[in-house]
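So the protein lines, in turn, are chains S and A. For the first sequence, my numbering assigns the number 1 to the initial residue and increments by one for each residue that follows. For the second sequence, my numbering assigns the number 1001 to the initial residue and increments by one for each residue that follows. Please read the structure below before turning to the comments.
There are 2 protein chains.
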Amino acid sequence: MTAPLVTHLSSRDNPLLKELRKLSQDSTAYRKQGRVWLEGDHLCRAALARGRRPAMALFAESFWAEAQAEYAQAAIKTMVLPDVLFAELSGLESPARMGFVLDLPPQAEAGLTPGAAAVVLDRVQDAGNVGSILRSASAFGFTQVIALKGTAALWSAKVLRAGMGAHFGLRLVEGLGLPDLAPLGLPLLVTSSHGGSFLHRAELPWPCAWVMGHEGQGVSPALEAMAAQRIRIAQPGGEESLNVGAAAAICLHASASRQS
Amino acid sequence: MTAPLVTHLSSRDNPLLKELRKLSQDSTAYRKQGRVWLEGDHLCRAALARGRRPAMALFAESFWAEAQAEYAQAAIKTMVLPDVLFAELSGLESPARMGFVLDLPPQAEAGLTPGAAAVVLDRVQDAGNVGSILRSASAFGFTQVIALKGTAALWSAKVLRAGMGAHFGLRLVEGLGLPDLAPLGLPLLVTSSHGGSFLHRAELPWPCAWVMGHEGQGVSPALEAMAAQRIRIAQPGGEESLNVGAAAAICLHASASRQS
């Protein structure tokens, strides 16, 4: 095997570093650049485990000595930079000392897959909630997540961190409007705090698409009107509502456990 | 009814405002001060709805005119301050223009309640996760949450926001060690990614105490050894783990729905 090509960067004015800082710190820059920034060992390993080959791998100098045995061949290009420059690139309080730049997977730009079990996000705002829902979708056999306009940017650094690698096992489709859901061809299930069947007794169709709504406003009335079923989660404690990531977990798990 | 006593504050050097800034911005200052800062209409209403009477209510001047009809009698003392001073007090990017100071409810200092269905938090770190778990506990009829040493501060501003008022319906006990759990007198249920019965088929005791662990490391081995049952959540998608708030929601809902 030939020695890998490693470039050492040392100037903070390097145009590549400027672009990557934007990618790491601006939650929608990936849409213009067509690539995403993955920071930290866990996310980078998750991408590799799913067969993704990063366009670039970047390492802080202090980490490169121990990392090169494992990662020298991982990316098409490898770059090493002073720790202080890596820290500026980082979006984290404690920089992780390594990151990948991954070209956006082709499916992110493609449309939805008709008939494949899905989660539809209707303006879910919080990056932590979106990431948690991606993990639950992946865990419970839902193969695509469809984000309607107004939902947090799925490939932003915050959602990537909260997703803990779930991104790489899902088809992710963003920026759709309600009419774009027609080709999905699945019954839409909507959670409701006021009506519908109780989840733990309901007959759930499979495959299906669960719809999760805005943290404050829930699912929009227009989308609720398109639903095949309204489902309630029994809350004997009488609280007004669950966190949307919690509600999603309960619903997706219910669908999965009825199959087994 | 006599006119309520309203104090106008105008100096940022006012010693009370200094203390309240600390309360709002330092996540554990409530332990020293014995009181908490609730910011925003939703949290303040939730406290009132549970019969809590705040020691103080604070309003930004621009909001006071519209708020006084509703809130003039809500607190023991009412203070109005210039918007710029309220903004400095606020822990939010968009200050909510009103807040309450609530003396810590007596049960926060008391011990746990033997025999009452519980959630035990073993070093859960993320404020959003802790808040989501408090909401699920409250929704599913678990009346106390016991935070072991190393868990995020339950009454911090971030956990309060994520808890959306669930704090006021729960008994919250903090800072315990493992031996302190003995008086609980309930079977401990621990989630495991490797062993135990599958949740959707398991017989679940009631009342019980669900144990939720650290985001990266899970439940400590010493605590796992104390468990009456290990429970697995079937994950047909094969992901390595769920978000802890998601796992908690699934488990607590399962316990609640077996009772109905």
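Using N, Cα and C, we set each Cβ at its ideal position, and we do this for glycine too.
Helix, strand or coil at residue i according to DSSP, with G and I counted as helix
i, result
"residue 947 of chain A", "The question about residue 947 of chain A has no answer here: the residues shown for chain A are numbered 1001 through 1260."
"residue 103 of chain S", "strand"
"residue 1051 of chain A", "coil"
"residue 1 of chain S", "Unreliable positioning characterises residue 1 of chain S in this predicted model, as indicated by a pLDDT of 46, which lies under 50. A coordinate reading is not provided."
"residue 197 of chain S", "strand"
"residue 1219 of chain A", "coil"
"residue 1124 of chain A", "coil"
"residue 176 of chain S", "strand"
"residue 153 of chain S", "coil"
"residue 210 of chain S", "strand"
"residue 1038 of chain A", "strand"
"residue 116 of chain S", "coil"
"residue 1097 of chain A", "coil"
"residue 76 of chain S", "coil"
"residue 1021 of chain A", "helix"
"residue 92 of chain S", "coil"
"residue 233 of chain S", "coil"
"residue 16 of chain S", "helix"
"residue 204 of chain S", "coil"
"residue 1148 of chain A", "strand"
"residue 184 of chain S", "helix"
Residue-level contact to chain S via CB, residue i, 9 Å cutoff
i, result
"residue 1224 of chain A", "no"
"residue 1167 of chain A", "no"
"residue 1259 of chain A", "yes"
"residue 1175 of chain A", "no"
"residue 1164 of chain A", "yes"
"residue 1051 of chain A", "no"
"residue 1115 of chain A", "no"
"residue 1218 of chain A", "no"
"residue 1008 of chain A", "no"
Beta carbon proximity, residue i to chain A, threshold 9 Å
i, result
"residue 207 of chain S", "no"
"residue 98 of chain S", "no"
"residue 62 of chain S", "no"
"residue 248 of chain S", "yes"
"residue 261 of chain S", "The displayed coordinates of chain S run from 1 to 260. Any statement about residue 261 of chain S would go beyond what the structure contains."
"residue 256 of chain S", "yes"
"residue 1 of chain S", "Bear in mind that the predicted position of residue 1 of chain S carries a pLDDT of just 46, short of 50, making it too unreliable to give a figure here."
"residue 245 of chain S", "yes"
"residue 142 of chain S", "yes"
6 Å Cβ shell around residue i - same chain, five flanking residues per side excluded
i, result
"residue 151 of chain S", "121, 123, 124"
"residue 110 of chain S", "none"
"residue 198 of chain S", "232, 234"
"residue 1116 of chain A", "1143, 1144"
"residue 1129 of chain A", "1244, 1245"
"residue 141 of chain S", "256"
"residue 175 of chain S", "149"
"residue 205 of chain S", "187"
Any non-hydrogen atom of the ligand NAP closer than 8 Å to residue i Cβ
i, result
"residue 1073 of chain A", "The ligand NAP is not among the ligands present in this structure, which contains no ligands whatsoever."
Contacting residues, own chain, Cβ-Cβ under 7 Å from residue i (five flanking each side not counted)
i, result
"residue 1064 of chain A", "1080"
"residue 1037 of chain A", "1020, 1023, 1024, 1099, 1101, 1157"
"residue 1 of chain S", "Because residue 1 of chain S carries a pLDDT of 46, less than 50, the predicted location of this residue cannot be relied on, and no value is offered for it."
"residue 1241 of chain A", "1193"
"residue 83 of chain S", "60, 61, 62"
Same chain only: Cβ atoms within 8 Å of residue i, ignoring 5 sequence neighbours per side
i, result
"residue 98 of chain S", "39, 40, 41, 44, 57, 58, 59, 60, 63, 67, 71"
"residue 1104 of chain A", "1030, 1034, 1035, 1036, 1155"
"residue 96 of chain S", "39, 40, 41, 90"
"residue 10 of chain S", "81, 82, 85"
"residue 258 of chain S", "204, 206"
Exercise. For the region 1126 to 1140 of chain A, which residues have a CB atom closer than 9 Å to at least one CB atom of chain S, in sequence order?
Worked result: 1126, 1128, 1129, 1131, 1132, 1133, 1135, 1136, 1137, 1138, 1139, 1140
Exercise. Relative to chain A, which residues along the region 184 to 210 of chain S have a C-beta separation below 7 Å, given in chain order?
Worked result: 200
Problem set entry | Interface residues of the region 1077 to 1095 of chain A facing chain S [CB-CB below 7 Å] | none
Exercise. Listed in chain order, which residues of the region 227 to 243 of chain S have Cβ atoms closer than 7 Å to some Cβ of chain A?
Worked result: 233, 234, 235, 236, 237, 239, 242, 243
For this session: Can you give me, in chain order, the residues of the region 1029 to 1044 of chain A that have a beta carbon less than 7 Å from any beta carbon in chain S?
Result: none
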